[in-house]
Amino acid sequence: MSLNTEIIYSQNTDPWYNLALEEYLLNTLPQSAVRLYLYVNDASVVIGKNQNPWNECAVKLLFVENVRLARRITGGGAVYHDCGNLNYSFIAGRRFFDSGKQLDLILSAVRQCGIDAKKNERHDLVVGNRKFSGNAFCYRKDTAIHHGTVLISADEKKLKRYLTPDIDSMETRAVKSVRSEIVNLRAVQPELTIESIVDAIVNEFKKIYGTTANLQEDIPFPEEEQMYKRYSSWEWLYGRTPDFKVAVGENGNTVMLVVANGKVQQAVVCCSNSVRRKNNISSRLEGMEFDEYKIKAVIEKTAHKRKLIP
């Protein structure tokens, strides 16, 4: 079986579009092919398939500052993307899929740019002990994805702010990110650019796979509308969150919530002797889409009304 190769470099910086296109490239991949897909996203936080956004990032801050939340189809942890971060993806038939070979390709490309990088025991790429590239995977019957990031000049202050979660304490089986000390490659090699890393990766890909494939910047995407709609939907971003339990409220007005599919399934008032008040709060909250701030507002409003009743 001969190997077919493609190199795609998206010129769109919308994270929902780029993740949708990535899955489309997986869905339409011939078993005898390897696709190298490169893209850069606008400011966004991208969480793993099995993660809880409220336990991974500052959901409210993202909304206020117009930074997009995205959920990918691979596992792994939450990452911050912006225009100082290059994303790579190897999309391959299982016969040709080799995560070690693929990661070594990225490592070799970075070294070609004059950076003394290495692979650590977690298969992250690091300079010294500081991480500049993590990776994640999605396996299907005949095909697979291996993708990751390359930090070049990302905004480290925003990265830390946006990856500080709204809620630290909850009961959940969602995958929790492992935080690492990070480094931008431009701090090591000041002349480095996104384009120089792209060129190095493309050259290594051609050398290792023995291909003369041309880089494509504009490819047909007939399922764009429906796939973009799914990737940008509340159901995908929040409704896919694994079930969790969390206490919300303060000053004696605490409610224990059971959340499934992103919505409150059960609300138990912890600190009230009034059966009527408990039932009132529970009935107002159950069925709501989980939003810590809106839920607190309902609790406080109900508590305020109780104080006004003689």
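So for the sequence shown, my numbering puts the first residue at 2; every next one is plus one. We put the CB at the ideal spot given by N, CA and C, even for glycine.
Count the other C-beta atoms from every protein chain shown that fall within 10 angstroms of the C-beta of residue i, then say buried if there are 16 or more, exposed otherwise.
i	result
Pro16	buried
Ser11	buried
Gln227	exposed
Asp117	exposed
Pro31	exposed
Tyr294	exposed
Ile8	buried
His148	buried
Arg72	buried
Val179	exposed
Ala79	buried
His124	exposed
Looking at the unbroken alpha helix (DSSP H) that takes in residue i, where does it start and where does it end?
i	result
Asn215	Premise fails: Asn215 is in no alpha helix (DSSP H) and is neither H nor E.
Phe133	Careful: Phe133 lies outside any alpha helix (DSSP H), inside the beta strand (DSSP E) at 131-134.
Ser109	100-113
Tyr210	195-210
Ala21	16-28
Leu63	60-65
Leu126	No alpha helix (DSSP H) holds Leu126; the beta strand (DSSP E) holding it covers 126-128.
Leu238	235-238
Arg162	157-163
Work out the CA separation of residue j and residue i for me, nearest whole Å.
i	j	result
Asn5	Leu37	11 Å
Phe91	Asp99	9 Å
Phe97	Glu225	27 Å
Lys177	Arg241	15 Å
Ile310	Glu172	Any answer about Ile310 is weak, because its pLDDT of 41 lies below 50 and its placement is not dependable; what the coordinates show is given next. Going from the Cα of Ile310 to the Cα of Glu172 covers about 35 Å.
Asn136	Asn280	47 Å
Phe291	Lys119	41 Å
Leu286	Gln267	8 Å
Thr144	Lys161	34 Å
Ala214	Ala34	12 Å
Lys308	Ile300	Interpretation of Lys308 is limited by its pLDDT of 46, a score under 50 that renders its predicted location unreliable; the figure taken from the coordinates is listed afterwards. The alpha-carbon atoms of Lys308 and Ile300 are separated by roughly 13 Å.
Val270	Lys102	54 Å
Tyr232	Ile168	24 Å
Ile220	Lys246	44 Å
Leu193	Asn88	16 Å
Gly115	Cys139	31 Å
Asn51	Leu70	14 Å
Met257	Asn56	16 Å
Glu205	Glu236	39 Å
Cys58	Ile48	9 Å
Ala201	Asn86	15 Å
Val68	Thr14	13 Å
State the beta-bridge partners of residue i as determined by DSSP.
i	result
Thr173	Phe245
Gly250	Thr255
Lys264	Ala261, Glu290
Phe138	His147
Ile9	Tyr38, Gln217
Val184	Answer is none; Val184 lacks a bridge partner.
Leu152	Asn86
State the start and end residues of the unbroken beta strand (DSSP E) segment that holds residue i.
i	result
Arg72	69-72
Ile92	86-94
Tyr232	Per DSSP, Tyr232 belongs to no beta strand (DSSP E); it is in the alpha helix (DSSP H), 225-232.
Val47	45-48
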